[in-house]
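Below is one structure; the comments refer to it alone.
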Ligand code: BMA
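Residue numbers (this note's numbering): 5 to 343.
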């Protein structure tokens with residue numbers, strides 16, 4: 005039986021047909037990239053590394069807005085087609101459980117995941133060092149922060165879109181507060197989003213050179229009959245600085261610390277001007293997908309060169325086939341990760 009994607013239907017996934025000339029991974033860029041250009045909001049110089057979900061008849065997203073004073077915050081955007089975005093002028097106003105203002109010092113690389121009837125925003129903020137920030141909303145009007153789930157130093161947290169064995173499940177990447185020259189992906193569980201445990205190692209930085217320095221979770225995993233399809237970022241340290249590429253893996257459904265398939269090749273790497281040139285050159289940084297089980301269409305949203313947002317497309321069956329065909333898993337991947 006062919007592999008199934010298990011997700012709600014999305015009729016209007018942003019899409020462009022596959023060009024004929026693909027020689028590597030079956031993924032192609034939107035020809036009108038970047039979809040978000042510089043100076044998109046007054047006081048915001050760049051939007052990149054951002055996440056979107058289907059909402060009402062269109063889409064809604066949380067965007068990393070680098071303000072003109074250099075401090076990143078989360079901004080809300082809405083779109084009818086997932087390509088053209090309207091942003092709110094003011095940054096998202098977070099409150100605590102009592103409704104009192106509770107703004108992070110800064111917030112970057114937000115992810116946005118719906119679990120049951122609630123939307124969760126997860127970002128990297130300051131908690132006496134780089135750490136995971138988290139908030140919930142049901143209406144995109146009130147954003148209630150959930151107290152810091154993890155100790156510093158940590159980044160790149162992303163929730164799974166459903167509970168597994170009754171618990172919320174989150175990927176994260178322990179780090180330092182700087183330009184972390186190391187990093188593996190871990191998974192943690194929580195019954196209530198307050199108490200986290202069962203921390204397990206998912207996968208380490210790769211043996212392959214494109215991901216040999218560090219890796220980090222990207223888009224929320226997509227449930228499939230074969231496991232959780234994960235688009236993540238892998239980093240190579242070159243003599244001219246870090247290069248961020250996009251990788252693909254499939255994690256065990258019931259026990260996502262086990263990697264079933266891990267593509268030894270990057271599936272996308274900086275090639276276009278908007279990926280190679282910008283505030284930080286050579287960065288492709290996935291944070292979300294819009295995907296539809298019926299058509300098998302997947303649109304990947306990725307930050308480009310810390311300056312823009314780009315869109316890439318792939319067909320579910322083709323990308324899964326490619327990941328499986330080029331899969332190399334090692335002991336650190338396939339073990340349960342609880343040494
Ligand atoms: C990482 C994060 C990302 C950024 C990347 C490249 O450490 O800060 O937000 O895209 O570096 O600068």
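Glycine residues also receive a C-beta, built at the ideal position from the N, C-alpha and C atoms.
Confirm the yes/no value for this check: CB of residue i, any heavy atom of ligand 1, distance under 7 Å.
i           : result
residue 130 : no
residue 296 : no
residue 113 : yes
residue 284 : yes
residue 187 : no
residue 183 : yes
residue 307 : yes
residue 53  : yes
residue 287 : yes
residue 310 : yes
residue 248 : yes
Using C-beta distances below 6 Å, list every residue in its chain close to residue i, excluding the 5 sequence neighbours before and after it, in chain order.
i           : result
residue 287 : 248, 309, 310
residue 98  : 106, 107, 139, 147, 149
residue 80  : 92, 96
residue 330 : 267, 268, 269
residue 124 : 117, 140, 163
residue 224 : 117, 162, 165
Could you tell me which residues DSSP puts in a beta bridge with residue i?
i           : result
residue 32  : 317
residue 87  : BP columns for residue 87 are empty, so no partner.
residue 80  : 66
residue 183 : Note: residue 183 sits in no beta bridge, so no partner.
residue 255 : 232, 263
residue 18  : In DSSP, residue 18 forms no bridge with anything.
residue 71  : 48
residue 219 : 238
residue 247 : 240
Taking 7 Å as the limit between beta carbons, can you name the residues of its chain near residue i, skipping five residues before and five after?
i           : result
residue 47  : 71, 72
residue 212 : 268
residue 32  : 22, 23, 26, 316, 317
For residue i, which residues in the same chain have their Cβ closer than 8 Å to its Cβ, ignoring the five residues on either side in sequence?
i           : result
residue 130 : 108, 109, 110
residue 36  : 87
Residue ranges of each beta strand (DSSP E) run of no fewer than 3 residues wholly in the segment 96-149, ordered along the chain? Here the runs fully enclosed are 111-119, 122-130, 134-141.
In chain order, which continuous runs of the alpha helix (DSSP H) of length 4 or greater are located wholly inside the segment 155-214? As far as the segment 155-214 is concerned, it has no whole alpha helix (DSSP H) run of at least 4 residues.
Contiguous beta strand (DSSP E) assignments of at least 3 residues, all confined to the segment 269-325: Whole beta strand (DSSP E) segments, 3+ residues: 288-295, 301-308, 312-319.
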